[in-house]
Amino acid sequence: MRSSAFLLIMTGVLMLSSCQQPSQTQADTSNYKNEVEEAVESLRKQLLDPEKEALQNLTSEKLTYGHSAGLIENQAEFIESLISGKFNFETLDLTGQTIDISGETAIVRHNLTGNTADAGKEPGTANLKVLQVWQKQDSGWKLLARQAVKNVVQ
């Protein structure tokens, strides 16, 4: 009896372990890339003209947002920095963008250039290389992580 129960359990374990998630199709990947591209563009527009609710909808509650000078902000800090004008983009262009999809995660890289008018500072310029990580959630694609570094011209 014990060997029959053991055999039944092992058969079940083997059957479950051999089940695989269906692979992502090219159509899914293409659709995801289009959706992420739209989300990145929506975020770009929000960096220029920030709205609290829209930024909350675009970003994860677990957001970690890394600036090129080393400052790291969570979702609330990131949104407040934009709404308050602490960080203020007057123009913002994204070029050389790549989007790679892995399951429900998107890795985005691009160059960011723009003019800034940050609160308490002289007008400036931004020339950055940016990495973004987006996660597909029930309510759409959310920015989970972002890190920027200064683009050093060689």
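Okay, so the sequence shown: first residue is 0 according to our numbering, each after it adds one. All residues carry an ideal CB built from backbone N, CA and C; glycine is no exception. This one's a predicted model, so the numbers in the text were calculated from it and none came from an experiment.
Proline 49 counts as buried, since at least 16 other C-beta atoms from the protein chains shown sit within 10 angstroms of its C-beta. In the DSSP assignment, asparagine 126 falls outside any alpha helix (DSSP H) and within the unbroken beta strand (DSSP E) covering 123 to 136. In this structure the stretch 75 to 91 touches the stretch 45 to 59; the number of beta carbon pairs closer than 8 Å is three or more.
The three-state reading of DSSP puts asparagine 87 in coil, since its state is none of H, G, I, E or B.
By the Cβ neighbour-count rule, lysine 141 is buried, with 16 or more other Cβ atoms within 10 Å of its own.
Assignment of lysine 32 by DSSP, reduced to helix, strand and coil, places it in the helix class.
With contacts defined by Cβ atoms closer than 9 Å, valine 132 and alanine 144 form a contacting pair.
No Cβ-Cβ contact shorter than 9 Å links alanine 38 with glycine 113.
In this structure lysine 135 touches glutamate 103 by the C-beta definition: roughly 4 Å separates them, less than 8 Å. With a beta-carbon spacing of about 17 Å, alanine 147 and lysine 120 fall beyond the 8 Å limit used to define contacts.
In this structure, the beta-carbon distance from glutamate 72 to serine 83 does not fall below 9 Å. In the displayed model, leucine 62 falls within a strand according to three-state DSSP.
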